[in-house]
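Here the sequence shown stands for residues 4 to 843, where the numbers follow the working numbering. Ideal placement from N, C-alpha and C gives every residue a C-beta, glycine not left out.
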Amino acid sequence: MSIGCGNFGTYTFVIKPNLSNIARLPLIGIFILACFQLIAQQSIFEGRIRDFDTDEPLPFVNITLQNTGTQSDSRGHFSLATRLTGQLKFSIVGYDSRSFDAQYFKNGSIVYLSKSKNELDEVLVRPGENPAWRIIREVRKNERNNNPLKYDEFKALSYTKIRLRADSLMYADTSGNGETLKGYFKLSKQDSLSQQDYLNLLMLENEGNFYFKKGQQKEVVNHSITNVPKFFPTNLIFTDEQNPIGFYQPFYKFFFVSAANTDGVGVERNYVNPIKNGTFGYYDFELTDTLFQDKDSVFVIQFWPFKKTQEALRGVLKINSNGYAIQEIIAENADTLQPLNIQIEQQYVFENRRWYPEKRTMSWQYPFETQKAKMRVRFTHFQYLRNFENELKEGDVYFDGSTKSITPKADTITFDQFKEVRPLILNEEEKKVYQKTENAFSNLPIIKKGIELMEKPSKWIMQASLPIGPFLLLLDQNQSNFHELVRGGLGLQNNLLENPRFGFRASAGFGLRDQTFKYRTSASWHITKDRYNRLSVYHVKDIRPPGQVSFLGPNYSTPYPQSLFFDRRGYIVDSYKLTGTALYVKPVRWTWFRFYTEKQDVKGLNYEIEELGKSTQSYLHYGVNMRFTRKERFVRNGFFENVVSNYFPIVAFNYGHFNGLNNSKSFQRFSFSITQQFRWKKLGYDVIKINGGQIWGDAPYNFLYNNLGGSRGFFGFSKPGFITGNFLNYASNRYIFLDYVHYFGKNLIKSKAKWFQPQVGVGHRFSWTVLDNKTRFEGFEIDSFKQGQFELDLYMNNLITIPLFGLQTGFGFNAAYNYSQTFEGKRRWVILPNVNLNVF
Numbered sequence: 004m005s006i007g008c009g010n011f012g013t014y015t016f017v018i019k020p021n022l023s024n025i026a027r028l029p030l031i032g033i034f035i036l037a038c039f040q041l042i043a044q045q046s047i048f049e050g051r052i053r054d055f056d057t058d059e060p061l062p063f064v065n066i067t068l069q070n071t072g073t074q075s076d077s078r079g080h081f082s083l084a085t086r087l088t089g090q091l092k093f094s095i096v097g098y099d100s101r102s103f104d105a106q107y108f109k110n111g112s113i114v115y116l117s118k119s120k121n122e123l124d125e126v127l128v129r130p131g132e133n134p135a136w137r138i139i140r141e142v143r144k145n146e147r148n149n150n151p152l153k154y155d156e157f158k159a160l161s162y163t164k165i166r167l168r169a170d171s172l173m174y175a176d177t178s179g180n181g182e183t184l185k186g187y188f189k190l191s192k193q194d195s196l197s198q199q200d201y202l203n204l205l206m207l208e209n210e211g212n213f214y215f216k217k218g219q220q221k222e223v224v225n226h227s228i229t230n231v232p233k234f235f236p237t238n239l240i241f242t243d244e245q246n247p248i249g250f251y252q253p254f255y256k257f258f259f260v261s262a263a264n265t266d267g268v269g270v271e272r273n274y275v276n277p278i279k280n281g282t283f284g285y286y287d288f289e290l291t292d293t294l295f296q297d298k299d300s301v302f303v304i305q306f307w308p309f310k311k312t313q314e315a316l317r318g319v320l321k322i323n324s325n326g327y328a329i330q331e332i333i334a335e336n337a338d339t340l341q342p343l344n345i346q347i348e349q350q351y352v353f354e355n356r357r358w359y360p361e362k363r364t365m366s367w368q369y370p371f372e373t374q375k376a377k378m379r380v381r382f383t384h385f386q387y388l389r390n391f392e393n394e395l396k397e398g399d400v401y402f403d404g405s406t407k408s409i410t411p412k413a414d415t416i417t418f419d420q421f422k423e424v425r426p427l428i429l430n431e432e433e434k435k436v437y438q439k440t441e442n443a444f445s446n447l448p449i450i451k452k453g454i455e456l457m458e459k460p461s462k463w464i465m466q467a468s469l470p471i472g473p474f475l476l477l478l479d480q481n482q483s484n485f486h487e488l489v490r491g492g493l494g495l496q497n498n499l500l501e502n503p504r505f506g507f508r509a510s511a512g513f514g515l516r517d518q519t520f521k522y523r524t525s526a527s528w529h530i531t532k533d534r535y536n537r538l539s540v541y542h543v544k545d546i547r548p549p550g551q552v553s554f555l556g557p558n559y560s561t562p563y564p565q566s567l568f569f570d571r572r573g574y575i576v577d578s579y580k581l582t583g584t585a586l587y588v589k590p591v592r593w594t595w596f597r598f599y600t601e602k603q604d605v606k607g608l609n610y611e612i613e614e615l616g617k618s619t620q621s622y623l624h625y626g627v628n629m630r631f632t633r634k635e636r637f638v639r640n641g642f643f644e645n646v647v648s649n650y651f652p653i654v655a656f657n658y659g660h661f662n663g664l665n666n667s668k669s670f671q672r673f674s675f676s677i678t679q680q681f682r683w684k685k686l687g688y689d690v691i692k693i694n695g696g697q698i699w700g701d702a703p704y705n706f707l708y709n710n711l712g713g714s715r716g717f718f719g720f721s722k723p724g725f726i727t728g729n730f731l732n733y734a735s736n737r738y739i740f741l742d743y744v745h746y747f748g749k750n751l752i753k754s755k756a757k758w759f760q761p762q763v764g765v766g767h768r769f770s771w772t773v774l775d776n777k778t779r780f781e782g783f784e785i786d787s788f789k790q791g792q793f794e795l796d797l798y799m800n801n802l803i804t805i806p807l808f809g810l811q812t813g814f815g816f817n818a819a820y821n822y823s824q825t826f827e828g829k830r831r832w833v834i835l836p837n838v839n840l841n842v843f
């Protein structure tokens, strides 16, 4: 309960009475009487404001007296009640401001304002229009000059602080009395943190430099400390995508799993930016205040969507009249039923004649609730940039494709040493995070020693490599699949951090079930240090499914185990050898080419083609691969690597020419893949994936296309492709495959029930194939489907949402139905259960 007497200037007097202490109630009456006395002392200023040249009334003029103010109405009339004295100021964008001594101002006066002749662009005001719109238009118009992502280059010192904690902890015992977190987590009474209603789970601090040049950005972390063991790669988990620079993009993307990396239904949200073109019918805006900062005006604009849609934000924009730039943004998701509450805070500073992103905070809160405990898990990602410079110097940084690079010795700094480089002071709660960690290990020396011993082998497993002097021990051959059951092996590679101009790699593995060795060797000379431009020679012996299409992958510095999928319901497999040389070239940003020539030997292992038998076929193969991934980003922590591809389109193609060496076959093979996303303000988003291929000439079965079958998992569709049917006896030399998904999210079915928050997606798969020359193997005839294959998909997530192990867990289903004229398989329909964490 609260009682207030009014607002005087920027001060609001409020009494919050303690109902348990009734003796204080007479004070409320005394305070109310004092309020009436103060109101009686107020002065009322009223008048009209007109244009000096046209004598027309001026609406929405800001009238301020010290820290209080008002605006003129549509007829130019204003009235201001205040007890303050001083200068009465009249201001509006596009006009020269005027000031009068308040004690000499006569009520009923007409104030004339002249159009400004300064360098600010003229603001167009339409009669009866929302005054906030004209300011938003100016922000859009000047976006090119104020968006830091469109600057040519700049650099700054960088400090990042990441925290994960549990707030509002409450333990419910059998007596029904609430206890603090010590009851649930059984913390020691001597632990000072146990007396608080929160629990710090993780804290990470990074100090270094930030660089930006023509769309490329890179954070170099020189020093890093955390309260968790060093072998856990925290810096790989928390990327700059979680706290992006700038608030000028059409959509503010927030994701857990991107739709680019799934069958189309990703765990992501694309919030419509309120300053995006065309949002006046989507958001409501209100100019609530005008502040004065030196010679500039700061316009305070509140915004919220007309409907509480899942793709909208609500909050406050502060626009500075100096170039009409965003000075501050505070926003959160408008959907109040969304379990994950997102908050965005960004502050910009005008330095070196530019607006720079000084402080950015992205935080989210997620409810965790069980029968015994209730809490909110809070994650905060804060970055502070300072000491901006408009230009980079030669040798400052090398843009190698990574957006975040942690130097190998960054985590060797101590807590005390980090105090010397930390630009901001930690609060007492944050200091206790490190104190608790140190105290815990000092009391448990055996555990401390065990964690130290685990550091190197844990890093070895997670990064699939272990530094040994100038070399790395590799684990890229280790994997499991249905054909081999388990493959184990080791490899060796030189340390590219120490010698970035030359690369050598060799690895070998042995399959447990098929009892055969596989190996890979390569050597390369790197024309550029980022390895995007290099010359390589290689030799490979391995297995693969026939007819598969492999496109050029990310530019990893160390190899990761490859994924081989063999369906236990039936599969065929080839053994192959490659010996060749390749030239890698990156002529423009985000685009990578590979030109190659190689000798390829291939043989069917568990099948026989009538015309070829099981003999090995040899070919001279040359061609080119291309990969375009818009804004693909790497995060590197020593030898840990994480690739983020969340922007569209993603395009790849292969072209190869094959000449038979021990046979008369000659053919050409072209394949392509395109993934695109289209986002809509009110209807969710579309994900479209198009694959296709064409073979010219007489290609054997091993090289025909046979890659249309998908895989099934308990949690839905796990591999793109047709879910229904059996495609083992189908192949083609021409094909087109379209996978389309429209994800409505919660826009289609809107429910106010917390347990019923359905998120709907619909999709369609289509493929058309042609096989010019039919082939027989093991008595079966390989054919194509000229009539096409058609499959409808339905995604129903979060039909029922319940707390499970403290997390909001959604249960639904994925369904597919094949309505093709020609069908081979047990049934045309498939329904699979769907279980996921309800985030949005």
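DSSP, reduced to helix, strand and coil, places residue 139 within a helical segment of the structure shown. Under the DSSP assignment, residue 689 falls in the beta strand (DSSP E) whose first and last residues are 687–700. Residue range 65–68 is occupied by the beta strand (DSSP E) that includes residue 65.
DSSP places residue 706 within a helical segment (H, G or I) once states are collapsed to three. Between the alpha carbons of residue 797 and residue 749 lies a distance of about 14 Å. In the DSSP assignment, residue 323 falls within the beta strand (DSSP E) that extends over 316–323.
Here residue 117 is exposed, its C-beta having fewer than 16 other C-beta atoms within 10 Å. Of all C-beta pairs linking the segment 284–299 to the segment 691–709, fewer than three are shorter than 8 Å, placing the two stretches out of contact.
In its chain, beyond the 5 residues on either side, 788 and 790 have a beta carbon closer than 7 Å to the beta carbon of residue 825.
Inter-residue distance for residue 473 and residue 540 is about 21 Å (C-alpha atoms, whole angstroms). The beta carbon of residue 652 sits closer than 7 Å to those of 633, 677, 678 and 679, all from its chain and outside the five residues before and after it, given in chain order.
Taking all protein chains shown into account, residue 603 has 16 or more neighbouring C-beta atoms within 10 Å of its C-beta and is therefore buried. By a beta-carbon distance limit of 8 Å, residue 761 contacts residue 799. Their separation comes to about 6 Å. Taken in chain order, the unbroken stretches of beta strand (DSSP E) that lie wholly in the segment 495–578 and span 3 residues or more are 505–514, 520–529 and 537–547. Assigned with DSSP and collapsed to three states, residue 299 falls in strand.
Counting along the chain, residue 149 sits inside the alpha helix (DSSP H) bounded by residues 146–149.
Look at the beta carbons and you see the segment 733–750 touching the segment 680–694: at least three pairs across the two are nearer than 8 Å. Residue pairing of residue 161 in beta bridges, as defined by DSSP: 211 and 388. Taken in chain order, the complete beta strand (DSSP E) segments of 3 or more residues contained in the segment 760–843 are 762–773, 778–780, 783–785, 792–807, 810–821 and 832–840.
Of all alpha-carbon atoms in 503, 553, 515 and 283, the one lying nearest the alpha-carbon of residue 531 is that of 503. Taking a contact as a CB-CB distance under 8 Å, the pair residue 231 and residue 209 does not count as one, their CB atoms being some 14 Å apart. Within the segment 87–119, the complete beta strand (DSSP E) runs of at least 3 residues fall at 90–94, 101–104 and 112–116. Residue 83 has its alpha-carbon roughly 6 Å from the corresponding atom of residue 47. Less than 8 Å separates the beta-carbon of residue 328 from that of residue 149. DSSP places residue 432 in the helix class (H, G or I) of the three-state scheme. Beyond the five residues adjoining it in sequence on each side, residue 625 comes within less than 6 Å, by CB distance, of 600 and 660 in the same chain, given in chain order. Residue 227 places its beta carbon less than 8 Å from that of residue 414. With a 10 Å radius around the Cβ and a threshold of 16 neighbouring Cβ atoms, residue 692 comes out buried. Assignment of beta-bridge partners to residue 683 by DSSP yields 687. The continuous alpha helix (DSSP H) containing residue 420 extends over residues 418–421.
Burial is judged here by how many other beta carbons sit within 10 angstroms of a residue's own beta carbon; residue 74 has at least 16 and is buried.
In the pairwise beta carbon analysis, the segment 499–513 is classified as not touching the segment 575–593: fewer than three pairs are separated by under 8 Å. Within the same chain, 168 and 436 come within 6 Å of residue 203 by CB-CB distance, once the 5 residues on both sides are set aside.
Straight-line spacing of the CA atoms in residue 544 and residue 805 works out to 50 Å.
Taking 8 Å as the upper bound for CB-CB distance, residue 360 and residue 388 are in contact here, some 6 Å apart. Around the Cβ of residue 347, a 10 Å sphere holds 16 or more other Cβ atoms; the residue is buried.
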